[in-house]
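In short: position in the sequence shown from 1, add 42, done, that's my numbering. All residues carry an ideal CB built from backbone N, CA and C; glycine is no exception. Everything numeric in this text was worked out from a predicted model, so none of it was measured.
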Amino acid sequence: MFGKANELYASMTPRNQTPTEPLAHKRAGLRLFAHQGQLELVKGRFADLEGDYRSADVTLLLHAYAIQGDAEGLVDEFIRFFVLAGSTLRPGYSIMRPSFTPSWFGTTWME
Numbered sequence: 043m044f045g046k047a048n049e050l051y052a053s054m055t056p057r058n059q060t061p062t063e064p065l066a067h068k069r070a071g072l073r074l075f076a077h078q079g080q081l082e083l084v085k086g087r088f089a090d091l092e093g094d095y096r097s098a099d100v101t102l103l104l105h106a107y108a109i110q111g112d113a114e115g116l117v118d119e120f121i122r123f124f125v126l127a128g129s130t131l132r133p134g135y136s137i138m139r140p141s142f143t144p145s146w147f148g149t150t151w152m153e
């Protein structure tokens, strides 16, 4: 199912991963591997983000744990990002307080 996507990603992967590898490429790998449940590869790509996490990145990490059936690891990561450390996300990104106003709600979410 993911064969062509894996081939395409591999063809675009630098031979030697360097700090200058574009974030977009790192995030593409994170997304691809998360949907396949390749937890170790997801952890590697997540670590490559070097703290520049977005809520979508955290979601993909949790998704990979879920696909693998690793409930304990999923809960540990959930606590790490949702309970212990709101400061690990880049400024302007919040997984605790979404910054949108749903049209059906009438006020800012979670006020």
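Less than 8 Å separating the beta-carbons of residue i and residue j?
i: leucine 72; j: aspartate 99; result: yes
i: leucine 81; j: aspartate 112; result: yes
i: leucine 102; j: alanine 76; result: yes
i: phenylalanine 44; j: leucine 91; result: no
From which residue to which residue does the alpha helix (DSSP H) around residue i run?
i: threonine 101; result: 97-110
i: glutamate 82; result: 81-90
i: arginine 69; result: 65-78
i: aspartate 118; result: 113-120
i: methionine 54; result: 45-54
Take the Cβ of residue i as the centre, count every other Cβ of all protein chains shown within 10 Å, and call the residue buried at 16 or more, exposed below.
i: alanine 106; result: buried
i: leucine 65; result: exposed
i: arginine 122; result: exposed
Out of curiosity, what's the CA-to-CA distance linking residue i and residue j?
i: lysine 85; j: lysine 68; result: 11 Å
i: leucine 104; j: leucine 50; result: 24 Å
i: lysine 46; j: arginine 96; result: 27 Å
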